[in-house]
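Enquirer: Residue numbers for the sequence shown follow the working numbering, beginning at 5 and rising by one.
Built from N, CA and C at the ideal position, the CB exists for glycine as well.
Structure provided below as structure tokens; questions to follow.
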Amino acid sequence: MSYYVTTPIYYVNSTPHIGHAYTTIAADILARHFRQRGEETFFLTGVDEHASKVARVAAEQGLAPKEYADRIVSSWQEVPRRLDATNDFFIRTTDDGHKAFVQDFLQRMYDAGDVYQDTYAGLYCVGCEEFKSEAELVDGKCPLHDIEPEWIEEKNWFFRLSAYQERLLALYDERREFVLPGFRYNEARSFIAGGLQDFSISRAGQPWGVSIPWDPNQVAYVWADALVNYLSALTYARPGEDLRERFWPSARHLIGKDIIRFHCVYWPAMLLSAGYDVPHQVFVHGFLLLDERKISKSLGNVVDPLDLIDLYGADAVRFWSARAVSFGQDGSVSIESLHERYERELANDLGNLVSRTTAMISRFLAGDVLVGATDGSPIRALVDGLGGDLAARFDQYDLTGALERIWEVVRGLNRHVETRAPWKLADDVGRRDELERTLYDLADGIRVVAVALASYLPQTSARILEALNCDPRDIEWERVAYGLTPALTGIAPASPLFPRIDAPTTAA
Ligand code: MSP
Numbered sequence: 005m006s007y008y009v010t011t012p013i014y015y016v017n018s019t020p021h022i023g024h025a026y027t028t029i030a031a032d033i034l035a036r037h038f039r040q041r042g043e044e045t046f047f048l049t050g051v052d053e054h055a056s057k058v059a060r061v062a063a064e065q066g067l068a069p070k071e072y073a074d075r076i077v078s079s080w081q082e083v084p085r086r087l088d089a090t091n092d093f094f095i096r097t098t099d100d101g102h103k104a105f106v107q108d109f110l111q112r113m114y115d116a117g118d119v120y121q122d123t124y125a126g127l128y129c130v131g132c133e134e135f136k137s138e139a140e141l142v143d144g145k146c147p148l149h150d151i152e153p154e155w156i157e158e159k160n161w162f163f164r165l166s167a168y169q170e171r172l173l174a175l176y177d178e179r180r181e182f183v184l185p186g187f188r189y190n191e192a193r194s195f196i197a198g199g200l201q202d203f204s205i206s207r208a209g210q211p212w213g214v215s216i217p218w219d220p221n222q223v224a225y226v227w228a229d230a231l232v233n234y235l236s237a238l239t240y241a242r243p244g245e246d247l248r249e250r251f252w253p254s255a256r257h258l259i260g261k262d263i264i265r266f267h268c269v270y271w272p273a274m275l276l277s278a279g280y281d282v283p284h285q286v287f288v289h290g291f292l293l294l295d296e297r298k299i300s301k302s303l304g305n306v307v308d309p310l311d312l313i314d315l316y317g318a319d320a321v322r323f324w325s326a327r328a329v330s331f332g333q334d335g336s337v338s339i340e341s342l343h344e345r346y347e348r349e350l351a352n353d354l355g356n357l358v359s360r361t362t363a364m365i366s367r368f369l370a371g372d373v374l375v376g377a378t379d380g381s382p383i384r385a386l387v388d389g390l391g392g393d394l395a396a397r398f399d400q401y402d403l404t405g406a407l408e409r410i411w412e413v414v415r416g417l418n419r420h421v422e423t424r425a426p427w428k429l430a431d432d433v434g435r436r437d438e439l440e441r442t443l444y445d446l447a448d449g450i451r452v453v454a455v456a457l458a459s460y461l462p463q464t465s466a467r468i469l470e471a472l473n474c475d476p477r478d479i480e481w482e483r484v485a486y487g488l489t490p491a492l493t494g495i496a497p498a499s500p501l502f503p504r505i506d507a508p509t510t511a512a
């Protein structure tokens, strides 16, 4: 099966922060990894433009919503670009291809008899773009956005979600890994089992959105429009091609825990109604917390990912995102922790290993290592089974565990330097063969690490392979194996991979 990975499409009511970059980084690590495994891969990200809060911000700035969106979209496109994300397409929900597809999709739901008209009255949180029940509020406010919801009463088109309860339960029972991690599966399933209420898929009295095909006085509710992006993009991302045949339903949706209900309940029901297969999987990750609060614009504690990239480089930000918090869990982050990991793990553990090894090959062997792999090599034992182990973790979205497993190898290589002490071997002409084998093993171990790390640290991986005179494109997953480095010639000391950076006083 092909591998189609998506991020949520981000609201453009403000500029991106590190929480948004987080999901994009995770999706890119997965996409790059599965490409290394030779899978046919498609990676989609983009922006969600037809939200009420977008229209509001535009009005505050005296702009038409589309004009506002056209101005701010470049800052959203810049994030994946600066992160070295390899998204195959960047969707905007104002794309003509998307809008036309949404209309067709809603029409199919209507034709299936799942849509009816009714009056809705309730409390609406514009931050969530969702109606809230009294029970969900804390002191009368939305706990996620710390704002009071507004009373809205209007005649809308409703989707008969309640009719899908049994089918959704059957889907969940049949596919125990439809939602991961397991505790999120349980959360979604018990929400369904608790009974489903129909929801409004249209909004009256506001022109910003995709118009409802059978009722042009209304526009699609932002979520009924946004979710469809995962399918619509496949129909027009490559002009003249319909990618649905190759990539639907192999979709893996990565989402934050705030939008579980939409992706794990509404979306599969909408797909069933419109006559499509449901996606392969939804993976739910936690929130990044700064000072114990969710990083979010409305809470005013944002960290700009571009500032961090300017200071530390894309690879370090990618590394920290995968490493600092176990992917799937909530976790507190700080800029100090990024700095600390940069110095200790990237500069010392990895950077020094590469510098020392290349420097020793240059100095003790004039840059040439002519011996190759040896049977009893401890490095063979160290990396044995690594490729399979890592692949199994990637299959389960365990980005943090896979990275830790790679770091075990990095630490093992550093220990090998210390125990074999090549500088001592170099003092003894009788031990030349041992010296060569030790340095071959270190170089090959580093090559294995570079291939295994390519999806996390694409720039660093390429620089390591180049320092070993290997082709930086040779990162097929089978190459995560001992002994594939050819004889090394003309190795020069590598320049530092992670130069010293002064600890920031105010990086944010
Ligand atoms: N537009 C909707 C999604 C529609 S998808 C069909 C939306 N946008 S959002 O911009 O508010 O947030 C989208 C996602 O950004 C979250 O689900 C999550 O993936 C990511 N994050 C935003 N803040 C985050 C943190 N503080 N921590 C981790 N991820 C966070 O919801």
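(1) Per DSSP, which residues does S215 bridge with? Please list them.
(2) How big is the Cα-Cα spacing for R96 and A498?
(3) Helix, strand or coil: how does DSSP classify R256 here?
(4) Alpha carbon to alpha carbon, how far is F182 from G209? Give it in angstroms, no decimals.
(5) For S336, which of A167, I299, V455 and L369 has the nearest alpha-carbon?
(6) Out of curiosity, what's the CA-to-CA distance linking S277 and E480?
(7) Does the stretch 26-37 come into contact with the stretch 306-326, if we say contact requires no fewer than three beta-carbon pairs (one atom in each stretch) closer than 8 Å?
(8) Below 8 Å between beta carbons: does that hold for W80 and V142?
(9) How would you write the range of the alpha helix (DSSP H) that A341 sits in, first residue to last?
(10) For D118, count neighbouring Cβ atoms within 10 angstroms of its own Cβ and tell me buried if that reaches 16, exposed if not.
(11) Which whole-angstrom value describes the C-beta separation of R444 and G376, a residue pair presumed to lie in contact below a C-beta threshold of 8 Å?
(12) So what does DSSP say about L484, is it helix, strand or coil?
(13) What is the DSSP secondary structure of A512, reduced to helix, strand or coil?
(14) In its own chain, which residues sit with a C-beta less than 8 Å from the C-beta of G279, not counting the 5 before and 5 after it?
(15) List the residues that DSSP assigns as beta-bridge partners of A125.
(16) As a quick exercise: from I495, L374, S341 and L275, pick the residue whose alpha carbon is nearest that of E438.
(17) Counting along the chain, where does the beta strand (DSSP E) carrying E134 start and finish?
(18) Contact defined as beta carbons within less than 8 Å: I believe A456 pairs with I365. What is the distance between those atoms, to the nearest angstrom?
(19) With burial defined as no fewer than 16 other Cβ atoms inside 10 Å of the residue's Cβ, what is the status of R441: buried or exposed?
(20) Under three-state DSSP, which class holds T362?
(21) Assuming L312 and I495 are in contact, meaning their beta carbons sit under 8 Å apart, how far apart are those beta carbons, in whole angstroms?
(22) Excluding five sequence neighbours on each side, which residues of the same chain lie with their C-beta closer than 8 Å to the C-beta of D105?
(23) Classify Y225: buried if its beta carbon has 16 or more other beta carbons within 10 angstroms, exposed otherwise.
(24) Just curious, the alpha helix (DSSP H) that S236 is in, first and last residue?
(25) Express the C-alpha separation of R39 and E245 in angstroms, rounding to a whole number.
(26) Measuring from the CB of T49, is there a heavy atom of the ligand MSP at a distance below 7 Å?
(27) Does the count of Cβ pairs from the stretch 193-201 and the stretch 420-437 closer than 8 Å reach three?
(28) Less than 7 Å separating the Cβ of H24 from some heavy atom of the ligand MSP?
(29) In whole angstroms, give me the CA-to-CA distance for Q65 and I156.
(30) Tell me the DSSP secondary structure of L292 in three-state form.
(31) Buried or exposed for Y346, please, with buried defined as at least 16 other CB atoms from any protein chain shown within 10 angstroms of its CB.
(32) Just to confirm my understanding: we take A511, look at its own chain, exclude 5 residues before and 5 after, and list those with CB closer than 7 Å. What are they?
(33) Looking only at C-alpha atoms, which of V51, L165 and A55 sits nearest to S78?
(34) For T45, count neighbouring C-beta atoms within 10 Å of its own C-beta (all shown protein chains included) and say buried if the count is 16 or more, exposed if not.
(35) Are the CB atoms of F502 and A318 nearer to each other than 8 Å?
Expert: Let's see:
(1) V223
(2) 42 Å
(3) strand
(4) 37 Å
(5) I299
(6) 41 Å
(7) yes
(8) no
(9) The sequence given here places Ser at residue 341; Ala does not occur at that position. Run containing S341: I339 to R345, per the alpha helix (DSSP H) assignment.
(10) buried
(11) As written in the sequence, residue 444 is Tyr, which differs from the Arg given in the question. Correct: roughly 7 Å between the Cβ atoms.
(12) Here the sequence assigns Val to residue 484, which means Leu is not the residue at that position. V484 falls in the coil class under three-state DSSP.
(13) Low per-residue confidence applies at A512: pLDDT is 42, beneath 50, and the placement is therefore not dependable, though the value from the model is reported in the following sentence. Coil at A512, not helix or strand.
(14) R112 and A116
(15) E157
(16) L374
(17) E134 to K136
(18) Incorrect: roughly 21 Å between the Cβ atoms, too far for contact.
(19) buried
(20) helix
(21) That pair is no contact at about 33 Å.
(22) One detail in the question is off: residue 105 reads as Phe in this sequence, not Asp. Counting only Cβ-Cβ distances below 8 Å, and skipping sequence neighbours, we find V232, L235, S236, T239 and Y240.
(23) buried
(24) N233 to Y240
(25) 21 Å
(26) no
(27) no
(28) yes
(29) 24 Å
(30) strand
(31) buried
(32) The predicted position of A511 is uncertain, since its pLDDT is 42 and thus under 50; no value can be drawn from it.
(33) V51
(34) buried
(35) no
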